[in-house]
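Below is one structure; the comments refer to it alone.
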Amino acid sequence: MAWKPKEKKLSAEEAIDLAKKELAPYWFGSAPLLAGIHSAGKVSAHPLDPKFVDKTWVILFIDATTFAGEAALGFFQEWFHRYGSHDLNFLLFLRFPYQNVYTRTAIEEVLIQAQGLTFPVAIDVDGSLGAAFGAIQTPKVVCLKGGRLLFEYSGPTCAHDGEVTLQKLLRTVDPGLPLLPVMFSDPQIIQDRRIDVGSIEFGTNSKTIIESATEVPDAVPAGRLVYTGEWKREAELMLTSDPKATISFRSPAQRISVIARSKQKTIETGIIQVQINGLSAYEAFRGRQLSSDDEGNTVLKISSGWLYEALIDLPETDRNITLRFPTANSLAVSIYGLRFGN
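Offset between the sequence shown (1-based) and my numbering: plus 74.
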C-alpha cells in the first residue's frame, strides 16, 4: 500500500513511525518493512526498517485469486524450506482484485495457518509496491541484496529461472554448496501449462453479460451466464437472499474455483450447492473444498471471503455447471467471481 505523508512537515523518524502504524493492518508475521512512496509521478519502495537493506530478500508477488498464484506460492514455500537456512529472507506480497473481500482473519486462517507460512506476508492494497518493483504481470519473483536488485523474473517460467539463478548466487559464495536439483528442469514444461484459462467477474464494474431466466437451463452456451431468482448486483459482486436463486454456465476448463463470502459473521457457514449437468459432482471431480452434505448434495461451505476450489478434472462432456444457494434466506452469500484453469 502506498503511504502518503500528511500536510504537516514530519521528520524522517516521525514519517516512518506513522507509515508503520498506517500499514500495520496489512502486514502479517512482521512489522511493515516496505512502503510504496509516490514522488514525481513515480513509485519507489522505501524501507521502513534500517536493517532491511542489510539482508538478502527473495520477494514474491502473486494474485491470490488465480491458479498461477496458487502454484507460485507452492514453489515459493519449497524455496523457503530449501534455501531459508542460507542467509536468505523471504517475503510474500498478495494482490487482490477486490477491495473489501479479504479480512485479516481470513488471511491468517485460510492462508497463513492452513499453508503453514512462517515468513512475512503483506497485502499490496493499492498495487503501489507491485508498481515499484515492476510486478505488472504476476507471479513475479524479485531478489534484493543490500537494497540492490540481483534478479527478477515473472510469468510461467519464473519458478525455473528464479531457482536456477538463486542457486548460482549461492554457489558464488560457496562453490561446493550441495543443493537439490531445481524443481522444474525444463522451463518449457511450465510455459506450456495453461494454469489459468479464464475468469468471470459478477459485479457491475465488469463487462460480464448476465442473462435472467425463469427456469434453470439444461445447458448454457460457452461465454454466457444465466441466473434465476432474486439477485442484487453491486460494483464487485452479486448478492442473493433467495434460496431458489441459481447461476448456470459452461466451464471452459477442467478446474473451477468460486470467490465468495457469507454476509453474516456467524459460526454457521453459507452454502453454495454445486451441480454438474443437474447432478451432484462425482467424487473424482470434487475440489478440495467441495464436500457432501447429509442429503448427498455437493456443497461449498462459505465463510470468510476467499477462493473456494469447487471442481477439478472435468471432462469436456461434463462442464454444464449450476450453482444453487439453498440457505441464502438465512445466510446470504455474495459471489464475486469464477476462476477457470487446467
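We put the CB at the ideal spot given by N, CA and C, even for glycine. These figures come from a predicted structure and were not determined experimentally.
With respect to the 8 Å criterion, W131 and C232 are not classified as neighbours on the basis of their beta carbons.
CA-CA distance, Y227 to L191, rounds to 22 Å. A residue is called buried once 16 or more other Cβ atoms fall within 10 Å of its Cβ, and D137 is buried on that count. Here Q363 has L374, K375, Y382, E383, A384 as same chain residues with Cβ atoms under 8 Å from its own Cβ, once five neighbours each way along the sequence are excluded. Ranked by how close their Cα comes to the Cα of P400, the residues Y157, L147, T320, K242 have T320 in first place. For T139, the closest of G361, Q189, Y176, D128 by C-alpha to C-alpha distance is Y176. Straight-line measurement puts the Cα of A206 at about 11 Å from the Cα of S113. DSSP links T320 through a beta bridge to T302, R398. When rounded, the separation of the alpha-carbon atoms in W153 and S365 is 32 Å. In this structure, F150 sits near L134, with a CB-CB distance shorter than 8 Å. Burial state of P106 is buried, judged by a 10 Å Cβ sphere holding 16 or more other Cβ atoms. If only complete runs of 3 or more residues are kept, the segment 351-404 shows the beta strand (DSSP E) at 364-366, 372-376, 380-385, 394-398, in order along the chain. For P121, the beta-bridge partners assigned by DSSP are L108. Excluding the 5 residues flanking it on each side, T212 has same chain C-beta neighbours closer than 6 Å at F135, I136, D137, in chain order.
In terms of CA proximity to A89, G110 leads the group G110, A358, G208. If you check the CB distance, S325 and V407 do not come in under 8 Å. Residue burial is scored here from C-beta neighbours: T314 has at least 16 other C-beta atoms within 10 angstroms and is therefore classed as buried. Taken through DSSP and simplified to helix, strand or coil, I186 comes out as helix. DSSP places T239 in no beta strand (DSSP E) but in the uninterrupted alpha helix (DSSP H) bounded by 232-247. Under DSSP, E226 forms a beta bridge with V216. DSSP places E310 outside any alpha helix (DSSP H), giving it a letter other than H or E. Apart from sequence neighbours up to five positions away, the residues of its chain that approach M257 with a beta-carbon distance below 7 Å are F149, E152, A233, E237, ordered along the chain. Rounded to whole angstroms, L165 and L243 show a C-alpha spacing of 18 Å. Burial check for G115: the Cβ neighbour count within 10 Å stays below 16, so the residue is exposed.
Short of 7 Å from the beta carbon of A355, and not among the five residues preceding or following it, lie these beta carbons of its own chain, in chain order: V348, L364, T372, L385.
In terms of Cβ geometry, F170 and I197 form a close pair [threshold 8 Å]. Cβ-Cβ distances below 7 Å link V271 to P326, A327, F414, G415, N416 in the same chain, with the five nearest sequence neighbours on each side left out; the list follows chain order. DSSP places T130 in the strand class (E or B) of the three-state scheme.
Residue state for E152 is assigned as helix, using DSSP reduced to three classes.
Taking C-beta atoms as the reference points, F276 and I409 count as a pair closer than 8 Å.
By the CB criterion at 8 Å, F167 and L203 fall inside the cutoff. I330 and L388 have their C-alpha atoms spaced approximately 9 Å apart.
It is roughly 22 Å from the alpha-carbon of D91 to the alpha-carbon of G220. In the displayed model, Y157 falls within a helix according to three-state DSSP.
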